[in-house]
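This report refers to the structure that appears directly beneath it.
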């Protein structure tokens, strides 16, 4: 019984996390782009005198897109036209299923594994789904009855197919190192020391995988399917309102999953760098007594500083921003609770599951931080590099990445043979 | 299921423009695509035709000036200078020294603005979006100065026949020196980002090549001709105003491709900065407009304070300027190349005929030839590097 409930619960949790990541990533992209471009970025949307650095722009955008007029171009092929955005969002959402967010949590008789499906074919599933996502763009391109869309769709399908192969080659070298297709095994194989993570053991595979993922998620050096200057908006030029929003969400979810994948395959997954999970479990008493109050004190200090900065706002209740005071007081409260709770818990005897839950949450946070770091890399690259031309992108895929992947595969095989025998 | 796409011999016909993000202005190019390659291109012009030349025939000589702002709307001050210079040559006028120097100054400032816009837009066309802000932030400071100069950011109408409408704002040397410093920093930054970037060089080197002979026979002028290797510059050849008295070089490209066109513009901004620095040191004091009763308006205190001034003001406002009958062709080096005005006067207060020779018009002739055989993405990059401005192309 408890398994069934937990199954449904974790699917809901992961879906909510993914969908919730979209406004955050959009905000991050806009702010990142703005700071790269010497601008301020979004900072106008205000809710109850609070701006929080423009994070409400995502909400405003959602409302705008929901309330826009639904336009369907004349002569479009309706089944494809309407299926495309649904398919795009669906395919980008389901590829998260095999990613483990943390070590399985054991409480009493229940085991809670924050991974929707621990498939033995793990990574192959991701490759399969990502190659399927070309269909969404192709349908959109064909169904829209627009030549720009059509060119975008064609470019996209060619791009996805040609970058699928180097990506698979990079994945195979990971399989060879880990000796398994299961993503959990790949994560555990890397261990907690960053020196043994796959980014160090397989740097070439990392580069290939990173570039291929960037191409798969249609981001700037590879954004030919929607090349703004050439194809206006490429495959989604005819899409408006929520249909466009679905493509948009799919793109950002794609990016987030790319970050999660790279974090999982190359950056040690949910493992906390340098700190062994077993060590954390056995020394949970000290951690609760010392680390938690310290963390609380840090948060409280941050909160106090944030509240202090509020005084500098020129017009507090006119056009001012109450973000600092709200965030600051929240941080202060959490900090105080942590200090008090840490000392109280240290004095009392805690059941074992508390430290397990703490570890579980910590692992999720570590994975998310790694994924967001990768997303920041994506954003940085997007706003720095120019766009490839179609044939040049093909050349990079087939003439550079593919041979490189093959050589990497052979070298990896030779090294493994040498070590083993 | 009704599909309007027609495929013959696997060719697709695509309308790029007239409303398209990369068509700076309003152009339409009908291209025949073989896959991604353009096998044939037919440009269509006239979407921004505003009858400048016909309109000019029914306006008085000084009333035409505001229309020239709209020719190349990225650097309107240069069009003002070009037109006024043509009329002054028609009338054989010698404008005061200070006006000469200020006209040179505003020309070089607008050249920098124009090139910054062109480079920013061209880099956006090849996907390097961020550089746009680095360049436009600096342009913004120049435009702020232009606003202080004439009260408008775009529709300047600053020069007058026989001089200038007003003097340069106080503190100009400091402001412009600060702008130039910022510009040189921005140029270095952008150059660092793109010059050795493999994606960028792949996109631009060898793309849209035009040889020197072809460029000359198409009538190229300006940066596009210089990128092809010809060191023709009206400022050196004609030596109008004091361009002979200041030290500057003509940047010349080698292969006439998009890369060269972009970096010739980079270098021209640096040369213009050099010119501006020298102008700021050598600009003399003195009147900014001729003191001739039938040409320029008297100072306001004369108009309100003396009967002669009042009458002079009245005569010019009511009757306007009447150049002697005759014709003249006068050209200046505008940001895109040779901007010529061919003017015929019949001695009345309105021109008999004005023909503008915009640099873009000749350059755009070569555009279909240049993009044939290239991909759509290249066509966009070439379009940006030619810096076709619809306002002066269609007039």
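Residue numbers (the numbering used here), protein chains in the order written: chain S, 8 to 428; chain H, -13 to 381. Don't be surprised by glycine CBs; every beta carbon is placed ideally from N, CA and C.
Residue closest to residue i, alpha-carbon to alpha-carbon, out of the options
i: residue 70(H); options: 151(H), 351(H), 14(H), 202(H); result: 151(H)
i: residue 313(H); options: 322(H), 135(H), 333(H); result: 333(H)
i: residue 18(S); options: 120(S), 35(S), 351(S), 189(S); result: 120(S)
i: residue 145(H); options: 62(H), 208(H), 224(H); result: 62(H)
i: residue 335(S); options: 59(S), 123(S), 167(S), 71(S); result: 59(S)
i: residue 123(H); options: 96(H), 376(H), 169(H), 147(H); result: 169(H)
i: residue 228(S); options: 64(S), 50(S), 390(S), 420(S); result: 390(S)
i: residue 74(S); options: 247(S), 169(S), 367(S); result: 247(S)
i: residue 405(S); options: 57(S), 237(S), 169(S); result: 169(S)
i: residue 280(H); options: 302(H), 112(H), 161(H); result: 302(H)
i: residue 411(S); options: 427(S), 244(S), 215(S), 376(S); result: 215(S)
i: residue 238(S); options: 112(S), 163(S), 425(S); result: 163(S)
i: residue 263(H); options: 167(H), 336(H), 127(H); result: 167(H)
i: residue 210(H); options: 240(H), 318(H), 269(H), 182(H); result: 240(H)
i: residue 102(H); options: 90(H), 87(H), 13(H), 165(H); result: 165(H)
i: residue 343(H); options: 323(H), 353(H), 87(H), 114(H); result: 323(H)
i: residue 94(S); options: 249(S), 210(S), 139(S); result: 139(S)
Cβ neighbours of residue i in the same chain (closer than 8 Å, five flanking residues each side left out)
i: residue 5(S); result: For chain S, the structure presents residues 8 to 428; residue 5(S) sits outside this window and is missing.
i: residue 305(S); result: 342
i: residue 159(H); result: 266
i: residue 83(H); result: 270, 272
Same chain only: Cβ atoms within 6 Å of residue i, ignoring 5 sequence neighbours per side
i: residue 213(S); result: 206, 273
i: residue 100(H); result: 60, 61, 321
i: residue 374(H); result: 346, 350
i: residue 50(H); result: 42
i: residue 98(H); result: 255, 258
Chain-order list of residues whose beta-carbon lies under 7 Å from that of residue i (same chain, five-residue window excluded)
i: residue 133(S); result: 102, 105, 268
i: residue -13(H); result: Because the pLDDT of residue -13(H) is 40, which lies under 50, any placement of that residue in the model is unreliable, and the question is left without a value.
Contact list for residue i against chain S, beta-carbon separation under 9 Å
i: residue 120(H); result: 44, 45
i: residue 0(H); result: 154, 155, 158
i: residue 154(H); result: Near residue 154(H) there are no residues of chain S at all, since even the closest Cβ is about 28 Å away, more than 9 Å.
Residue-level contact to chain S via CB, residue i, 7 Å cutoff
i: residue 374(H); result: no
i: residue -4(H); result: no
i: residue 123(H); result: yes
i: residue 371(H); result: no
i: residue 362(H); result: yes
i: residue 112(H); result: yes
i: residue 236(H); result: no
i: residue 366(H); result: yes
i: residue 22(H); result: yes
i: residue 185(H); result: yes
i: residue 4(H); result: no
Simplified DSSP assignment, three categories, for residue i
i: residue -1(H); result: strand
i: residue 386(S); result: helix
i: residue 40(H); result: helix
i: residue 275(H); result: strand
i: residue -11(H); result: Note that residue -11(H) has pLDDT 49, beneath the 50 cutoff, so the model's placement of it is unreliable and the number below is only indicative. Coil, per DSSP.
i: residue 227(H); result: coil
i: residue 15(H); result: strand
i: residue 117(S); result: strand
i: residue 20(H); result: strand
i: residue 319(H); result: strand
i: residue 374(H); result: coil
i: residue 378(S); result: helix
i: residue 323(S); result: Summary for residue 323(S): the model assigns pLDDT 49, below 50, so the residue's position carries little reliability; its value from the coordinates is reported in the next sentence. Here residue 323(S) sits in coil by DSSP.
i: residue 350(H); result: helix
i: residue 114(H); result: coil
7 Å Cβ cut-off: residues of chain H touching residue i
i: residue 399(S); result: 188
i: residue 80(S); result: Residues of chain H passing the Cβ test: none, with the nearest at roughly 11 Å.
i: residue 390(S); result: 115, 116
i: residue 227(S); result: 113
Contact with chain H by residue i, beta-carbon distance below 7 Å
i: residue 394(S); result: yes
i: residue 237(S); result: yes
i: residue 154(S); result: yes
i: residue 323(S); result: Because the pLDDT of residue 323(S) is 49, which lies under 50, any placement of that residue in the model is unreliable, and the question is left without a value.
Within-7 Å CB hit, residue i to chain A
i: residue 427(S); result: Looking at the structure shown, chain A is missing, and the protein chains on hand are S and H.
Chain S residues whose Cβ lies nearer than 7 Å to that of residue i
i: residue 357(H); result: The premise fails here: residue 357(H) is roughly 12 Å from chain S at the closest Cβ pair, so nothing lies under 7 Å.
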